[in-house]
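In terms of this note's numbering, the sequence shown is residues -18 to 226. I have placed the structure first, in the form of structure tokens, so that the comments after it can refer back to it.
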Amino acid sequence: MWLTENEIVDTFEAHDLALAKDSCKNPSDYAIDGIEPGIFRFKDYDGTLYIYIFDNLNITNDKLSFWPFYASDRIEFDGSITTYDSKNASIILEAPFGNGDILDSHVYSEYGKLTTIISDTVFRYLNDGKTVVQNGASEHWRGTYTLKYYNNPIKDKSGRLHMDTYGWETSQLAYLGDDPENVGNIKYKYDRAGSGGEGSGLRLNDEGIVNLGGGGGSGGFSNPSQEVTITIMWNGQEESFALQP
-18 MWLTENEIVD TFEAHDLALA KDSCKNPSDY AIDGIEPGIF RFKDYDGTLY IYIFDNLNIT
42 NDKLSFWPFY ASDRIEFDGS ITTYDSKNAS IILEAPFGNG DILDSHVYSE YGKLTTIISD
102 TVFRYLNDGK TVVQNGASEH WRGTYTLKYY NNPIKDKSGR LHMDTYGWET SQLAYLGDDP
162 ENVGNIKYKY DRAGSGGEGS GLRLNDEGIV NLGGGGGSGG FSNPSQEVTI TIMWNGQEES
222 FALQP
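This is the structure we're talking about:
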């Protein structure tokens, strides 16, 4: 289903992101391929929102060529920008500061809160996103695998069907023992039906957690039905356990 500007505004306002039209900016100055954005300010946060509604998914996907760090004579924003995509829409958040600015901790905290709320709102309520979490534990370790994804079939105005898809996954381990200072280098390997991987030379952070990394991209994603078996090796010890929903 194609999105409209009103649907996006209503969704934001339903999730603590009240907006008001910004009449101080000229939408034509920010047009992409002739499409002018709706420009809004947040009532409870500092920041400007630009909502682009495209009738062609190729424009949505190729819009990065219009940003100032690709060509100085194209669209210029006063503050640093963050992009959120959903179906036929692109939502641009402009910060009240530029890249490299030294920020007060309160400003940084409030803006971080805003970006988190927007990201969650777009993922869950505009992209109909799904989250899958698999957990498991052994005597000394607890593991978590998280997959976030969406698969949205949408038709353009000519009736052609397109798939708007994206997914990203992350994994981490938490040490449950009482001697984290003795863990040292960590090596792991995992097995899932049809795939697997391994890593070494990892270290715990100050919270006793080691992030195993992750990745994402476009393409079809689905709920992983098979369990993951992970083996951890550290300080001459080895433990294995399964991660399950």
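Even for Gly, the Cβ is constructed at its ideal location relative to N, Cα and C.
Judged by beta-carbon spacing, Ile211 lies within the 8 Å limit of Tyr171, meaning their Cβ atoms are closer than that value. Secondary structure at Leu(-16): coil, using DSSP grouped into helix, strand and coil. Membership of His(-4) in any beta strand (DSSP E) is not indicated, and neither H nor E is assigned to it by DSSP.
Shown here for Gly158: same chain residues with a beta carbon closer than 6 Å to its own, the five before and five after excluded, namely His121 in chain order.
Short of 8 Å from the beta carbon of Gly194, and not among the five residues preceding or following it, lie these beta carbons of its own chain, in chain order: Thr151, Ser152, Gly180. CA-to-CA, the gap between Val191 and Leu185 works out to about 5 Å.
Taking all protein chains in view, the Cβ of Thr102 is crowded by 16 or more other Cβ atoms within 10 Å, so the residue is classified as buried. When C-alpha distances from Glu(-6) are compared across Asp25, Ser9, Leu(-16), the shortest belongs to Asp25. The three-state secondary structure of Val164, taken from DSSP, is coil. The alpha carbon of Asn133 has as its nearest neighbour, out of Gly28, Ala1, Leu142, Glu208, the alpha carbon of Leu142. Going by DSSP, Tyr89 is part of no beta strand (DSSP E) but of the alpha helix (DSSP H) stretching over 86 to 102.
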